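Numbering (the working numbering), first residue to last: -3 to 81.
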């Protein structure tokens, strides 16, 4: 179990790196791949704001349906999930 602990921690750091609320601090996909391959270190993470992310209200023209065509309980627009690169 401890054999892959360091690898698992590195993957979690990369995931948190991608979830920063400040989109300008998020890495590009090539940076994430390099970090996961061990070619570069993940920047120090100080932004854990995603832990308290409050879903925004959707505009009235956006309708999100679940598999059963029932309005979903949580939905985030692509513009919220991923900022500019």
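Backbone N, C-alpha and C define an ideal beta-carbon position, used for all residues, glycine too. Source: prediction; values computed, not measured.
Span separating the alpha-carbon of residue i from that of residue j
i: residue 11; j: residue 0; result: 17 Å
i: residue 37; j: residue 48; result: 26 Å
i: residue 14; j: residue 23; result: 6 Å
i: residue 42; j: residue 8; result: 14 Å
i: residue 3; j: residue 39; result: 16 Å
i: residue 28; j: residue 35; result: 10 Å
i: residue 44; j: residue 33; result: 24 Å
i: residue 5; j: residue -2; result: 11 Å
i: residue 16; j: residue 25; result: 14 Å
i: residue 20; j: residue 46; result: 14 Å
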